[in-house]
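*Asks:* Sharing a structure below in structure tokens format, with a few things to ask.
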Amino acid sequence: MRFPSQAAKKTQLEAACQHTYDVVIVGAGVAGAIIGNELSRAGKRVLMVEAGLGEDITVKGYEEYLQRFYATAVKDNQSPYPVNPNAPMPRGTTVRPVAPGQPETSGYIVQTGPFISDTTYTRVLGGTSMHWEAKTPRMLPEDFEMASRFGRAADWPISYDELEPFYRQAEREIGVSADVEDQRYLDLRFPDDYVFPMRGLPLSYLDRMVDKGIRGTEVEIDGERYPLKVRPYPQGRNGIPNSEYDGGKGYVPVGAVSTHQVEEGERCQGNNNCVPICPVQAKYHAGKTLAKALQTERLELLTQAVASKVHVDPETGRVSHIEVKYYEDPDEPHFVTGNIRGQLFVLSAGAIETARLLLASNLPSTSGLVGRNLMDHAYLLNWALLPEVAGTMRGTNATGGIVDLRGGSFRRSQAAFSVDIHNDGWGWAVGSPYTDLLNLVDDHNQFGAQLRRDLAQRISSQLLLAFMVEVLPNPSNRVTVDPAYTDALGNMRPVVSFSVPDYTMRGVAYARRFAQTVFQRLGARDYTFYDPTDYGYIHYEGDGYIIRGGNHLAGTHIMGTDKHTSVVNSDQRSWDHQNLYLVGGGSMPSIGTANVTLTLSALCFKTAQAMLEELR
Amino acid sequence: MDRLEMFVEASTRLTGFSRVELFGTGAAKEYLETLEAVLETPVLDTLFAAIGDLVTDHATEAEIAGSILSDPVLAPIVKNVIVLWYCGTWQQLPDTWRASHGCSPKDTTRVVSANSYLSGLQWKLVGAHPPGGDMQGFASWSRPPRGEER
Ligand SMILES: Cc1cc2nc3c(=O)[nH]c(=O)nc-3n(C[C@H](O)[C@H](O)[C@H](O)COP(=O)(O)OP(=O)(O)OC[C@H]3O[C@@H](n4cnc5c(N)ncnc54)[C@H](O)[C@@H]3O)c2cc1C
Ligand code: SF4
Chain A
25 MRFPSQAAKK
35 TQLEAACQHT
45 YDVVIVGAGV
55 AGAIIGNELS
65 RAGKRVLMVE
75 AGLGEDITVK
85 GYEEYLQRFY
95 ATAVKDNQSP
105 YPVNPNAPMP
115 RGTTVRPVAP
125 GQPETSGYIV
135 QTGPFISDTT
145 YTRVLGGTSM
155 HWEAKTPRML
165 PEDFEMASRF
175 GRAADWPISY
185 DELEPFYRQA
195 EREIGVSADV
205 EDQRYLDLRF
215 PDDYVFPMRG
225 LPLSYLDRMV
235 DKGIRGTEVE
245 IDGERYPLKV
255 RPYPQGRNGI
265 PNSEYDGGKG
275 YVPVGAVSTH
285 QVEEGERCQG
295 NNNCVPICPV
305 QAKYHAGKTL
315 AKALQTERLE
325 LLTQAVASKV
335 HVDPETGRVS
345 HIEVKYYEDP
355 DEPHFVTGNI
365 RGQLFVLSAG
375 AIETARLLLA
385 SNLPSTSGLV
395 GRNLMDHAYL
405 LNWALLPEVA
415 GTMRGTNATG
425 GIVDLRGGSF
435 RRSQAAFSVD
445 IHNDGWGWAV
455 GSPYTDLLNL
465 VDDHNQFGAQ
475 LRRDLAQRIS
485 SQLLLAFMVE
495 VLPNPSNRVT
505 VDPAYTDALG
515 NMRPVVSFSV
525 PDYTMRGVAY
535 ARRFAQTVFQ
545 RLGARDYTFY
555 DPTDYGYIHY
565 EGDGYIIRGG
575 NHLAGTHIMG
585 TDKHTSVVNS
595 DQRSWDHQNL
605 YLVGGGSMPS
615 IGTANVTLTL
625 SALCFKTAQA
635 MLEELR
Chain B
243 MDRLEMFVEA
253 STRLTGFSRV
263 ELFGTGAAKE
273 YLETLEAVLE
283 TPVLDTLFAA
293 IGDLVTDHAT
303 EAEIAGSILS
313 DPVLAPIVKN
323 VIVLWYCGTW
333 QQLPDTWRAS
343 HGCSPKDTTR
353 VVSANSYLSG
363 LQWKLVGAHP
373 PGGDMQGFAS
383 WSRPPRGEER
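Shown next as structure tokens:
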């Protein structure tokens, strides 16, 4: 995919301030990129404002990310991405436990607890999609009807069937590899002749070992029985194109993005580095969509520009302009201010940043729900050693999982979950393989042939099950701002308070027992240990668990049918400001057990359609 | 035998990997230089005297465990060398050690170089590949693991 080389020469602030664009988009992640691409292709003049650094999307910028990653001793989630005090981002390693009543302020997000999360998002061109793992399941039909089916949360203002065509558009844009026959479960419906753009990625050897061990096992909850099996996940990474796609037209995968011709990224190589960066760009990232949009020459990119205030005409309630702070050097707090004008405005800065920007702008809100109902999946990790070598450490981060408990009548009383089988061993839980090595060498004085044998044995029989547990909206889980906490440019930082609801904790407690059942069936030895001093430690009904953040941020400007109980309508248009669209995970009124990006992308296709109608 | 030869020869006993495999990482010289930069001359001399004996005497594993690996001055260094080969990371020496044998400014926990990370033996060991480095190819993950790790 060609990235027009002039695009790297960024639009200058003064030039941008001269125009009134058809559409101004804040945030160049996947949500903003989809809308920018759809509108510019339809002939609209679009300005995209991005807080992060700009030249990173080409192969050269990519190389810099990789070298930075290799050379960092502590390989935290964000290690490839440069520290930028002018557009800071949360970094897992800065999270610490807090004393009760004391906010955790060492990271970019100020956390007042009680639950302290290591959840993260990335502020560079392309947004968090540079970093994501790219699992792309759809939400279940029942996820859209939580209130009417289970008496929980609220129903969505649109149904699965209404969103279904937009799911297909998102699957085309992201380039999803999956086989329909594997994905028809729990009432997930596809048109009869539908196939995904690319064939499904094969399950790992480890997945198949787990599958063999659990086949024939059933669990019972709420009087219903669920037979267990391992299913492949749909993935936003390149596999073998399906020749039957699009009525036999087939699909051409989008490889690496560069200013010159490169031949890579057309197929996933299985090198298990999807998070925090895929070295060959086989994994989808928003730069692929941005490159297409830039080719229209109707989309301009203004990078290093942090949207700082949304201005509204008090008479009409319409947004008049957005104030941005433009900086030259990420290490210098110096900036100049400019006002960006347009007919329609889109905030696609991610669930936390979009809410932060609205709150910092001090805009009136009829529902009072801006920033509230923050959601993120709760992850519970369980780890064990298999009785035989399973080839762990090969493949994408997770090729398969157990998804049978994503839905069911038990959701009246406890959270649903899906289970990822991690191909990268215990890395997420305890830092393998580095920690295994230190343990054998430093603590057990091992060396030579025995070290070689024992370490190989230990790493390649590791099994880690990551349970992604549903979290429902709760108005008191929220993002706010506080002038006491600002970043280098003087923008207020997000302040998050969050507690994990009991509904989720019931699911978590069940998940732990479920993991024990699976380990038992596999003859695996359970090594799971939840350290009570860990920042994510939660005590629930006599047992302790460590909950990790899910990076699936949602709910800060939920959609609905009424301006008093929601912030946006089903087109993601703000009820209070007619020419303002708030897009991304923030619009989702519930998140079920699907990683959020495919769904938020589908919503953006719907929004682009509505915006085009409005501009007509 | 020069220092590099001696270093690699001793490393074969410490890591369980052959000379060819160790030189194959392309990192041998860099690791020796790391040692030379971090350690003060008297410690370095003691280390290489011990390594010299070990290599010329064809010491058995039990003898190695009984000599350099139980020496309070040398053991932390030798363990660091093993960790270096396996994952390319130099670990800061223990505080007590630093207090009596010198704290070089180079003695910090760090990845020696991008290459050292990529050529870590830990990846080779499990028939894998460093995250972000050499790749195995589409669908390779669905095949049974190769012989090494059995
Ligand atoms: C480790 C990890 C793994 C993940 N795995 C998956 C997965 O497997 N499947 C899945 O579905 N999802 C996954 N996610 C989540 C996924 O990455 C996000 O849902 C998705 O990228 C969000 O896209 P977005 O465009 O809404 O927001 P973002 O990607 O966050 O983009 C927001 C953009 O806005 C910019 N911005 C922010 N503030 C401002 C401002 N004030 N002014 C101007 N610009 C601004 C940012 O720099 C950024 O470019 C994962 C996330 C992480 C961190
Ligand atoms: S497994 Fe490797 S090639 Fe495939 S998407 Fe992940 S990082 Fe990219």
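Protein chains in written order, with the working numbering: chain A, 25 to 640; chain B, 243 to 392. Here a beta-carbon is modelled for each residue, glycine too, at the ideal position from N, C-alpha and C. Quick caveat, the model's predicted, so the values are computed rather than measured.
Any residues in the segment 468–481 of chain A with a beta carbon nearer than 8 Å to a beta carbon of chain B? Which ones, in chain order?
*Replies:* Answer in chain order: N469, F471, G472, A473, Q474, L475, R476, R477, L479, A480, Q481.
*Asks:* Let me check you understand the geometry: is the CB of A:K307 closer than 7 Å to at least one non-hydrogen atom of ligand 2?
*Replies:* yes
*Asks:* Output the boundary residues of the alpha helix (DSSP H) element that contains A:F543.
*Replies:* 526–546
*Asks:* Taking 8 Å as the CB-CB limit, is A:G415 close to chain B?
*Replies:* yes
*Asks:* Please report whether the beta-carbon of B:T257 lies at a distance below 8 Å from any beta-carbon of chain A.
*Replies:* yes
*Asks:* I'd like to confirm the pairing. Which residues does DSSP put opposite A:T361 in its beta bridges?
*Replies:* A:K349
*Asks:* For A:K273, does the count of other Cβ atoms within 10 angstroms reach 16, so buried, or fall short, so exposed?
*Replies:* exposed
*Asks:* Exposed or buried, A:E38, counting other C-beta atoms within 10 Å across all chains shown (16 or more means buried)?
*Replies:* exposed
*Asks:* When the Cα atoms are used, what is the spatial distance from A:G366 to A:V70?
*Replies:* 9 Å
*Asks:* Can you tell me which of A:I182, A:A202, A:V243, A:E242 puts its alpha carbon nearest to the alpha carbon of A:E268?
*Replies:* A:A202
*Asks:* Kindly list, in the order they appear in chain A, the residues whose Cβ is closer than 7 Å to that of B:W327.
*Replies:* Chain A residues near B:W327: none, gap ~10 Å exceeds 7 Å.
*Asks:* For A:G137, list the residues DSSP reports as bridge partners.
*Replies:* A:S521
*Asks:* How about A:L488: is its C-beta nearer than 8 Å to some C-beta of chain B?
*Replies:* Not an interface residue.
*Asks:* What is the DSSP secondary structure of A:R418, reduced to helix, strand or coil?
*Replies:* coil
*Asks:* Strictly by DSSP, which residues pair up with A:P265?
*Replies:* A:M222
*Asks:* Along chain B, in chain order, which residues have C-beta atoms closer than 9 Å to that of A:Y229?
*Replies:* W383, S384, R385, P386, P387
*Asks:* Alpha carbon to alpha carbon, how far is A:I49 from A:A329?
*Replies:* If you draw a straight line from the Cα of A:I49 to the Cα of A:A329, it is about 12 Å long.
*Asks:* Can you check whether the C-beta of A:Q328 is within less than 8 Å of a C-beta belonging to chain B?
*Replies:* Residue-level contact by beta carbon fails for A:Q328 and chain B, as no gap is shorter than 8 Å.
*Asks:* Pairs of beta-carbons, one from the segment 335–349 of chain A and one from the segment 300–319 of chain A, closer than 8 Å: are there three or more?
*Replies:* These segments do not touch.
*Asks:* Under 8 Å, Cβ to Cβ, is there at least one residue of chain E near A:I562?
*Replies:* Absent here is chain E; the protein component of the structure consists of chains A and B.
*Asks:* Step through the CB atoms of chain A and report whether any lies within less than 8 Å of the CB of B:A307.
*Replies:* yes
*Asks:* For a test of the three-state rule: what should DSSP assign to B:L360, helix, strand or coil?
*Replies:* helix
*Asks:* Could you tell me the alpha carbon to alpha carbon distance between A:G584 and A:D460, rounded to whole angstroms?
*Replies:* 49 Å
*Asks:* Which residues bound the alpha helix (DSSP H) around B:Y273?
*Replies:* First-last of the alpha helix (DSSP H) with B:Y273: 270–280.
*Asks:* Can you check whether the CB of A:I140 is closer than 8 Å to the CB of A:V107?
*Replies:* no
*Asks:* Pairing CB atoms from the segment 522–535 of chain A with CB atoms from the segment 567–587 of chain A, are three or more of them under 8 Å?
*Replies:* yes
*Asks:* With 16 as the cutoff for other CB atoms within 10 Å, does A:F553 come out buried or exposed?
*Replies:* exposed
*Asks:* Identify the continuous alpha helix (DSSP H) that holds A:E188 and give its terminal residues.
*Replies:* 184–198
*Asks:* List, in order along the chain, the chain A residues whose C-beta lies closer than 9 Å to that of B:S355?
*Replies:* Using a Cβ-Cβ cut-off of 9 Å, B:S355 is close to Y94, A95 of chain A, given in chain order.
*Asks:* Hey, is the segment 474–486 of chain A in contact with the segment 423–433 of chain A, meaning 3+ C-beta pairs nearer than 8 Å?
*Replies:* no
*Asks:* Please tell me whether B:L311 has its Cβ less than 8 Å away from any Cβ of chain A.
*Replies:* yes
*Asks:* Taking a Cβ distance cut-off of 8 Å, strictly less, list which residues of the segment 453–467 of chain A are near chain B, in chain order.
*Replies:* Under the 8 Å Cβ criterion, the segment 453–467 of chain A contributes P457, Y458, L461, L462, V465, D466.
*Asks:* Taking C-beta pairs closer than 7 Å, name the residues in chain A that B:F380 reaches, listed in chain order.
*Replies:* Within 7 Å Cβ-Cβ: R291, C292, Q293, G294.
*Asks:* Let me know the secondary structure DSSP gives A:N61 once reduced to three states.
*Replies:* In the three-state reduction of the DSSP assignment, A:N61 falls in the helix class.
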